[in-house]
Amino acid sequence: MTRVATLQYMRSVGQAQMRWLGIEEGHHSLSHDPDGNKESVAKLQKINTWFAGEFAYLARRLLRNPRAYRRRQHARPHAARLDQTNSAKATPTPSITFRV
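Using this note's numbering, read the sequence shown as starting at 1 and increasing by one per residue.
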């Protein structure tokens, strides 16, 4: 069985303002600024880094779910190797790298 989920933080054409990041302009407007506008590019990078961080947090939480891990072991025989490489740890952690 395959499980699929959709994660959407805001409406696709909304003018979300990420004030907690110090950005007052709407995300949608910033995305239409010319690439040469260094200030807009920097703000978009900050926003996208935040989104990537939130997704990485969710992925790490899902990987730490013991029930989900057990299901993955049964579904994929190579997952058993994860137990061997992480046998000293209380919670097995598959080798996935997230860069934020």
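Ideal Cβ positions, reconstructed from N, Cα and C, are used throughout, including at glycine.
A quick note: this is a predicted structure, and the numbers were derived from the prediction, not measured.
{"Item": "Please name the residue, chosen from 27, 8 and 65, that lies closest to residue 17 on a Cα-to-Cα basis.", "Value": "27"}
{"Item": "So what does residue 15 bridge to, in DSSP terms?", "Value": "None, per the DSSP bridge assignment."}
{"Item": "In terms of residue numbering, what span does the alpha helix (DSSP H) encompassing residue 8 cover?", "Value": "Run containing residue 8: none; DSSP gives neither H nor E here."}
{"Item": "What three-state label does DSSP hand residue 36 in the structure shown?", "Value": "coil"}
{"Item": "Could you please give the first and the last residue of the uninterrupted alpha helix (DSSP H) stretch that includes residue 30?", "Value": "27 to 31"}
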